Structure formats: structure tokens, C-alpha cells
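Offset between the sequence shown (1-based) and this note's numbering: plus 548.
Glycine included, each C-beta is placed from N, C-alpha and C at the ideal position.
In this text the structure is predicted, and so the values were computed from the model without any measurement.
Down below is the structure, laid out as C-alpha cells.
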Amino acid sequence: MAIRKILTEPDPFLRQKSHEVYGVDDETRKLMDDMLDTMYAAPGIGLAAIQVGIPKRIIVIDTSKEEEKKPLYFVNPKIIIKSKNNATYEEGCLSVPGQFAEIERPDKCHINYLDYNGNSQELKAVGLLATCIQHEIDHLEGILFIDYLSKLKKNFIVKKLSKQKKILERIVV
Ligand code: GNR
Ligand code: NI
Numbered sequence: 549m550a551i552r553k554i555l556t557e558p559d560p561f562l563r564q565k566s567h568e569v570y571g572v573d574d575e576t577r578k579l580m581d582d583m584l585d586t587m588y589a590a591p592g593i594g595l596a597a598i599q600v601g602i603p604k605r606i607i608v609i610d611t612s613k614e615e616e617k618k619p620l621y622f623v624n625p626k627i628i629i630k631s632k633n634n635a636t637y638e639e640g641c642l643s644v645p646g647q648f649a650e651i652e653r654p655d656k657c658h659i660n661y662l663d664y665n666g667n668s669q670e671l672k673a674v675g676l677l678a679t680c681i682q683h684e685i686d687h688l689e690g691i692l693f694i695d696y697l698s699k700l701k702k703n704f705i706v707k708k709l710s711k712q713k714k715i716l717e718r719i720v721v
């Protein structure tokens with residue numbers, strides 16, 4: 549298991565659409581193990597493969613609040629039903645460091661996906677898990693939560709992040 553580098557906005561990679569995975573093999577599982585390590589180390593409650601630079605439709609999530617870890621692995625997740633009712637959560641994103649905003653999304657969703665062993669599964673998600681799943685599936689389409697903000701707010705955040713990146717580049721190089 550290894551911690552990988554998380555890409556941050558603005559990075560054109562994050563805007564790519566991720567590709568479907570054909571079968572869950574050992575390489576897929578190695579990637580999912582690394583993603584989980586990376587997510588726990590960050591720390592975060594979810595991570596999409598594109599955030600570590602791999603454009604595959606793979607996400608990992610752990611929204612458990614207790615000491616006990618409850619990792620969830622989703623390959624090719626697909627929303628089959630979305631609730632008509634919305635819920636608002638303050639969202640953050642490991643690829644948009646230090647920025648948080650209230651985002652409204654359907655409060656429940658049903659998804660199908662392949663699990664860690666490549667078996668087909670269905671899940672009815674509510675609450676924070678439903679929000680997190682939708683946030684991660686957005687990543688697979690190249691969408692970030694800041695895309696739902698006004699142009700003004702989004703531009704402000706992107707400008708701030710590019711400036712921070714330029715400063716960091718100077719220090720690192
Ligand atoms: O760690 C995360 N917290 C979070 C909080 C509210 C809604 C979504 C999230 S996901 C985020 C980790 C992340 O960037 N996943 O892509
Ligand atoms: Ni995110």
C-alpha cells in the first residue's frame with residue numbers, strides 16, 4: 549500500500565472523463581488499496597481515482613465516524629435512482645484544498661457498481677454517504693463542487709488556488 553499524490557485545481561487532468569473498468573483484477577485492487585491509504589492520510593471521506601491521476605471509474609469512501617474503519621469500494625458506480633428531495637451539506641474536496649461551500653444535491657440515491665471482488669452490487673444511500681457518492685461520481689465526469697457555485701465565487705477560488713500553486717512551485721523547484 550502506498551500514499552499517492554493528490555492533484556489539485558487548477559489541473560486539466562481533474563477535468564477528464566474517467567473510463568469504465570473492464571473487470572476487477574489485482575492491479576485494480578492495488579490501486580483501490582493505495583487510494584484508501586491516500587484518503588485516510590489526507591484525511592478525507594472519499595476519493596476518486598482521477599484525483600491521483602488515474603482516469604478510471606473507481607472510487608473509495610469511508611464515512612464512518614467511529615474508530616473502526618468501514619471502507620467502501622466502488623468500480624463503475626452508476627446512479628440508477630435519485631431522490632426528488634434535496635439536502636445541503638458543507639462540502640470540501642481534497643483537490644480544492646482549504647475551500648468549503650454549502651452544496652445542494654438529491655438527499656438519497658440508488659447506485660449499482662462492482663465491489664472489491666468484482667461482484668455486482670446495489671446500494672441505497674442516504675445522508676452524508678449519498679452526498680459523498682454523488683461528489684465522487686462527479687469527479688468521474690470531470691466535475692468539481694465549485695462548478696455549482698456562482699461564476700464569481702468559483703473564479704475567486706480558482707485564482708486563489710493557482711496563486712498558491714505558483715508559490716509552492718517556486719519553493720519546491
Ligand atoms: O473529504 C471529503 N469530505 C467531503 C465532505 C462533504 C462532501 C463531500 C466530501 S468528499 C471529500 C474528499 C474528496 O475530495 N473526495 O473527492
Ligand atoms: Ni473531491
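A Cβ-Cβ contact shorter than 7 Å links R605 with L688.
For the pair V644 and V572, the CB atoms are not nearer than the 7 Å cut-off.
The beta carbon of A589 sits closer than 8 Å to the beta carbons of I551 from its chain, once the five residues preceding and following it are set aside; these are given in chain order. Secondary structure remark: continuous alpha helix (DSSP H) runs of at least 4 residues inside the segment 641 to 714, in chain order: 675 to 688.
At a cut-off of 6 Å, the beta-carbon of C641 counts as near the ligand NI: some heavy atom of the ligand is closer than that. Taking a 10 Å sphere around the C-beta of I629, we find fewer than 16 other C-beta atoms and assign the residue as exposed.
Take K618, set aside five residues on each side of it, and the residues of its chain with a beta-carbon closer than 7 Å to its own are D610, S612, in chain order. With a threshold of 16 other beta carbon atoms within 10 Å, S566 meets it and is buried. For Q669, the closest alpha carbon among the candidates K699, T556, I627, R577 is that of I627. In this structure, P591 and L709 do not form a Cβ contact; the two beta carbons are roughly 20 Å apart against a cut-off of 8 Å.
A649 has its alpha-carbon roughly 11 Å from the corresponding atom of S698. The three-state secondary structure of I551, taken from DSSP, is coil. DSSP places V569 in the coil class of the three-state scheme, outside both helix and strand.
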